[in-house]
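Single-structure report; data block below.
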Amino acid sequence: MRNEDIEVMAEIFQEHGISASTDVIEKVASDFIDHLDAMHEMRMTPFMKSVGESDFEKVKRLERELSLAKSNLAKLSKENQVYHDNVMQRRRASRVWIEDNTVKYSL
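Take any residue in the sequence shown, note its place counting from 1, add 24, and you have its number in the numbering used here.
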């Protein structure tokens, strides 16, 4: 415990008209510092509205994730179309589909 902490706590006590011995003031200051440290370690801040992701930030994050998912889906869809067209061309198929993890086609 720093002497400055004890001196500040003694000044606060005096401002509020509280008379206490130096030992009591030191114990109160120590307990309060321990409390602040525990609060910091426990991250009690999720209960506070201002800390964490705001609704606006959440919407923006979800929009980015949705955009990325759409982009990935478009890429996979294009890839699928390329495979589809390739099978149709190589096999001169009139129709191509996947059944039980097997590519099937009809002539």
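Using N, Cα and C, we set each Cβ at its ideal position, and we do this for glycine too.
Excluding sequence positions up to five before and after A44, its CB lies within less than 6 Å of the CB of F37, all in the same chain and listed in chain order. Counting C-beta pairs with one atom in each stretch, the region 49-63 and the region 25-32 have three or more that are closer than 8 Å, which means they touch. Within a 10 Å sphere around the beta-carbon of M63 sit fewer than 16 other beta-carbons, which makes this residue exposed.
Counting other Cβ atoms within 10 Å of its Cβ, M33 reaches 16 or more and is therefore classed as buried.
Secondary structure at R119: strand, using DSSP grouped into helix, strand and coil.
Around R85, the same chain offers E77 as residues with beta carbons nearer than 8 Å, after the five sequence neighbours per side are excluded.
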